[in-house]
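What follows is a set of notes on a single structure, which appears directly below.
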Amino acid sequence: MRIYLELLGHRRFAALCFGQAVSLLGDALFPIIVVVSAAQAGTPAETIGAAFAARFLALGGVVLFSGAVLDRIDPVIAAVSADATRVGALIALALFWDGNLDALVLAVAVVIGLCEAVSEPALLVIAPRILPRNPDLNPRSAEAEAAEESRITAAYGLLEGMRNLSGIVGPTFAAALIALFSPSVGALAAALAFGLSAAATRWAGGRYSAARRAGEKAAEQKADGQADLKAGDGGPGDGEQEDDEPLLRSALGGLGVLWRIRWLRYVQVLAVVHVLFAVGPWMVALPVLIIEREHSATVYALVLGSFAAGTVAGAFLGGRIRGGRRGLVALALLALFGLTALAPVLTGSVLLLMAAFVVGGVGQQAFDVVKMAGLRREVPERLHGRAFSADFFFSFASLPLGQLLGAALLRFFEVEAIMLWAGGLVIVTTVLTMLSTDARRFTSGPAPAADDGVPDQRGPGRADPAEQGENAGTR
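Just so it is clear: in the sequence shown, position 150 is 150 by full-length UniProt numbering, and no numbers are missing.
Below you can see the structure in the form of structure tokens.
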């Protein structure tokens, strides 16, 4: 825990964590507002589903493009703008809403989804960049690189741990607030939360933004000087040769960069297989099995709460996993989710179920933290926004399809068979991924990267993995 206390000792990073925590409270308020309002107005379930679907479609539909935007502009400004936009949308909801789930609620759901598509990857880009370096270490030394990687992994673990903790507290707080007052008050509270998040994020990233602007200004002056020299020689300036890459091509480049790095390719394929064919169907089958076993809704809430508690511990555990076998450890922890998927079939004990769900939450979240740190390490800095957005897309976009598949499978198969299939698939495919040397180390020499027209922004001594792959071949 010492490293986490050291990270929180950096005021700007602590402010970013605070902003993340209050932002998640705001996130928790909106769905509770929708559900409570629907119950009060007697709204059909289809309308509630439409509000949630609008938010999901907006988020999944633009997250790849948001990554391309984050690589072109200051991610701090992007994150603050996303929070500020949500403030405006929620204030409008509080002032003009008549209590019915109408076009205004759907519009706000879309806005919130669009803003989430920006703020989620932006936070992952910003967090490591605001951590100060150790002045006692040579920045080019292997010791400094190892120390930086350890701190960045711990930073992601801390952020994810606080995210998961807020995810547990947030819905309870939201439900209590709206029950005591009204959905409109809940909307104002959510607006206040996002306002605090915007202020904290802006202050946390202030020095980074200033340094970025200074670097961009220096680069422009240098480019202008070179352009003047070339113009004097009768040749075109560099600015005239700049290729403004279309946003669509730039967004798809995020998918390409993950595909070019072998271990990330394996992990993304694993994520899609798990979410589409295991996790999605399992999520549909779980409440059905609990009801068939004559358990109450309280049992369902208890096991989900146990999983959430496991993710908090898993985030902090993942933040301390490092070394040459980090991938092997992370994959072994991920395989534990297979046991969680099997547990409802194998035992009827509520206590054993809760324990199994805690273990699954630990494994899943620890794996995600180690993967995020590895992605940042392997992908060039100029592509971080696109890479994190693409990773989010791979892990997120196929979930509704998986749930639809689960609903269809329930018509033809027993619920126990679906859960056994899900657990077995997770374990087998994760073990197969461990056969790759790259996956066991979470590092590899990828194939040569295509020229994306974006100038390299990696620091001195930081080799581009795509360039390493060109010379290293298969390791």
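Glycine residues also receive a C-beta, built at the ideal position from the N, C-alpha and C atoms. Remember, it's a predicted structure, so these values are computed and weren't measured experimentally.
Original post:
Thinking C-beta only, is L106 closer than 8 Å to A50?
Top reply: Yes, these two residues count as a Cβ contact at 8 Å.
Original post:
Which whole-angstrom value is the C-beta distance of L317 and M434, which I expect to be below 8 Å?
Top reply: Going by Cβ atoms, the distance from L317 to M434 rounds to 19 Å, so no, they are not a contact pair.
Original post:
With burial defined as no fewer than 16 other Cβ atoms inside 10 Å of the residue's Cβ, what is the status of A103: buried or exposed?
Top reply: Taking every protein chain shown into account, the CB of A103 has fewer than 16 other CB atoms within 10 angstroms, so this residue is exposed.
Original post:
Under a Cβ-count criterion, where at least 16 other Cβ atoms within 10 Å of its own Cβ denotes burial, should K371 be classed as buried or exposed?
Top reply: Result: buried.
Original post:
What are the boundary residues of the alpha helix (DSSP H) that H274 is part of?
Top reply: From DSSP, the alpha helix (DSSP H) with H274 extends over 262-274.
**OP:** Put V379 into one of helix, strand or coil per three-state DSSP.
**Re:** Reduced to three states, the DSSP call for V379 is coil.
Original post:
If you draw a straight line from the alpha carbon of L333 to that of A21, how long is it in whole angstroms?
Top reply: In a straight line, the C-alpha of L333 is about 26 Å away from that of A21.
Subject >> Nearest neighbour of G186, chosen from L93, L286, L346 [CA to CA] >> reply: Considering only alpha carbons, the answer is L93.
Original post:
Near F393, what residues of its chain come up, given a Cβ to Cβ distance below 6 Å and the 5 sequence neighbours on each side ignored?
Top reply: Here F393 has V63, L64 as same chain residues with Cβ atoms under 6 Å from its own Cβ, once five neighbours each way along the sequence are excluded.
Original post:
Grouping DSSP H, G and I as helix and E and B as strand, with all else coil, what is I77?
Top reply: In the three-state reduction of the DSSP assignment, I77 falls in the helix class.
**OP:** In angstroms with no decimal places, state the Cα-to-Cα distance between P342 and K217.
**Re:** It should be pointed out that residue 342 corresponds to Leu in this sequence rather than to Pro. When rounded, the distance between both Cα atoms is 57 Å.
**OP:** Look up G9 in the DSSP assignment and say whether it is helix, strand or coil.
**Re:** Coil, per DSSP.
Original post:
Given that a residue counts as buried once 16 or more other Cβ atoms are within 10 Å of its Cβ, and exposed if not, what is residue 494?
Top reply: It is not possible to answer for residue 494, since the shown part of the chain is limited to 1 through 475.
Original post:
Whose CA, out of Q365, L399, G157, L432, lies closest to the CA of A53?
Top reply: When each option's Cα is compared against that of A53, the closest is L399.
Subject >> Residue range of the alpha helix (DSSP H) that includes I130 >> reply: Per DSSP, I130 lies in no alpha helix (DSSP H) and is assigned neither H nor E.
Original post:
Are three or more beta carbon pairs between the region 270-284 and the region 417-424 nearer than 8 Å?
Top reply: Contact between the region 270-284 and the region 417-424 is present, because at least three Cβ pairs lie under 8 Å.
**OP:** Specify the secondary structure class of W282 as computed by DSSP and reduced to three states.
**Re:** Looking at W282 - three-state DSSP - the assignment turns out to be helix.
Original post:
With a CB to CB cut of under 8 Å and the five nearest residues on each side skipped, what residues in its chain are close to G155?
Top reply: The identity of residue 155 in the sequence shown is Ala, whereas the question assumes Gly. Taken in chain order, the residues that qualify are L7, F13, A127, P128, L131, G319.
Subject >> Test item: CB-CB of T201 and L16 under 8 Å >> reply: Their beta carbons are under 8 Å apart, which means T201 touches L16 by this criterion.
Original post:
With 16 as the cutoff for other CB atoms within 10 Å, does S184 come out buried or exposed?
Top reply: With 16 or more Cβ atoms within 10 Å of its Cβ, S184 is classed as buried.
**OP:** Thinking V118 and A68 are a contact (beta carbons under 8 Å), I'd like their distance in whole angstroms, please.
**Re:** Their Cβ separation, rounded to whole angstroms, is 11 Å, which puts V118 and A68 out of contact at 8 Å.
Original post:
By Cβ distance, which residues of its chain are closer than 8 Å to R207, with the 5 residues on each side in sequence left out?
Top reply: Excluding positions up to five away in sequence, the list reads R12, I130.
**OP:** Could you pull out every residue in the same chain whose Cβ sits closer than 6 Å to the Cβ of V431, ignoring the five residues on either side in sequence?
**Re:** The beta carbon of V431 sits closer than 6 Å to none of the beta carbons in its chain outside the five residues before and after it.
**OP:** Mind the definition here: the region 357-365 touches the region 302-315 only if three or more C-beta pairs lie below 8 Å; say whether that holds.
**Re:** Touching, per the Cβ criterion.
Subject >> Cβ shell of I321 (< 8 Å), same chain only, five flanking positions each side left out >> reply: Hits under 8 Å: T153, V329, A330, A366, V369, V370.
Original post:
For the alpha helix (DSSP H) that D391 lies in, which residues bound it at each end?
Top reply: Per DSSP, D391 belongs to the alpha helix (DSSP H) from 384-396.
**OP:** Mind reading off the beta-carbon distance from H384 to D71? Whole number of angstroms is fine, and I expect it under 8 Å.
**Re:** The C-beta distance from H384 to D71 rounds to 7 Å, short enough to meet the 8 Å contact threshold.
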